[in-house]
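Before any comments, here is the structure.
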Amino acid sequence: MEPRYREEAHAQEMFALIERYLMSSLSQIAFCKHEGLPYSRFHYWLKQYRLRQALAAQTATPASRAVADEPPADFIPLRIAPTQPAAPSSKCEIEFPSGIVIRFQDTVDPSVLAALIRAEQAKP
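Our numbering numbers the first residue of the sequence shown as 432 and each following residue consecutively.
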């Protein structure tokens with residue numbers, strides 16, 4: 432038996448074991464104990480299994496890739512009309528220690544704010 436063939440046969444055997452694990456409800460450690468398999472070896476083959484699965488998904492046939500690039504037949508495209516940008520809204524609220532609250536719904540000239548603050552501070 433050629434070494435490469437033996438390696439692939441062993442890999443297929445281990446992948447079958449991994450698939451049995453995936454179908455089971457056992458934890459990895461419990462599965463390894465049940466199978467008499469060292470956890471480190473199981474972990475190695477689980478990683479190899481996942482790598483092969485990912486590679487198989489990436490290297491799909493060109494025909495399947497072309498189909499994957501097209502939307503499904505029942506796909507309904509959603510078109511969103513552009514909206515008007517929201518008007519900037521500035522809100523400002525000043526609450527003085529005396530309990531007076533002044534609310535502004537739009538931009539306020541800083542000099543007006545400064546004058547209000549000075550007037551409030553000047554009160555006896």
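Even glycine gets a Cβ: it sits at the ideal position worked out from N, Cα and C.
Quick one: Cα of residue i to Cα of residue j, how far?
i      : j      : result
Cys523 : Phe535 : 5 Å
Ser455 : Tyr436 : 29 Å
Leu486 : Phe473 : 20 Å
Gln479 : Met445 : 10 Å
Gln484 : Leu477 : 11 Å
Tyr470 : Glu450 : 16 Å
Leu457 : Lys464 : 10 Å
Looking only at DSSP bridge pairs, what is residue i linked to?
i      : result
Val532 : Glu526
When we look at the beta-carbon of residue i and count the other beta-carbons within 10 Å, is it buried (16 or more) or exposed?
i      : result
Tyr452 : buried
Phe462 : buried
Leu448 : buried
For my contact list, residue i and residue j are in at a C-beta cut-off of 8 Å; report their separation, rounded to the angstrom.
i      : j      : result
Leu547 : Ile525 : 7 Å
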